[in-house]
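Each residue of the sequence shown is one higher than the one before, starting from 1 at the first, in UniProt numbering. Working notes, structure below.
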Amino acid sequence: MYMYQSILVPIDGSAHSCTALKLAASLVDTAEGSLYVLNVQEPPLAEDAMGRAAGVIATNAEAMVQPAGLAVIEQACQQVGLDNKQLQPVVRAGQPAQTIVAEAERLGVDAVVMGSRGNSNIRSLVLGSVSHRVLHVAPCAVVVVR
């Protein structure tokens, strides 16, 4: 028996996020339920006429990040032995914690399963800042994996 009907797994290519994906695949029946694999890319900034960052997010940011995001998802699936047919890839541009929570709400998932830390340079925290934020504001269960 599976625990959840639908799970969202944020993937950033880190070992912890791949571990989370493997666990999530065992907690949901992909034939009956949904396994959403999300990659959040930092949005590119629009540039002014001089080529300097203008401080605004490019209007076509979602389209710009799709190829890179799908590549991250595909690589993670290969690492854990999942077939792309077993999941639904989602790529978004934005701030990771806010985007993960927004997607969990939009998709109406039962749970978010995520790594305790991602590809960050900050190693001193016990729990990564993104997972910490999601844990406190997500509208569903959150499973944090080490």
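A virtual CB, placed ideally from N, CA and C, is assigned to each residue, including glycine.
Burial state of A111, where buried means 16 or more other Cβ atoms lie within 10 Å: Here A111 is buried, its C-beta having at least 16 other C-beta atoms within 10 Å.
Whole-Å CB distance - A61 paired with P89, under 8 Å assumed: In fact, because the Cβ distance is near 17 Å, the residues do not count as touching under 8 Å.
9 Å Cβ cutoff met for T30 and Q86: Yes. Within cutoff.
Distance CB(L8)-CB(A71) smaller than 9 Å: Not in contact: L8 and A71 (Cβ atoms no closer than 9 Å).
For S17, the three-state DSSP class (helix, strand or coil): Secondary structure of S17 (DSSP, three-state): helix.
Beta-carbon proximity list for A97, same chain, < 7 Å, skipping 5 on both sides: Cβ within range, chain order: V130, R133, V134.
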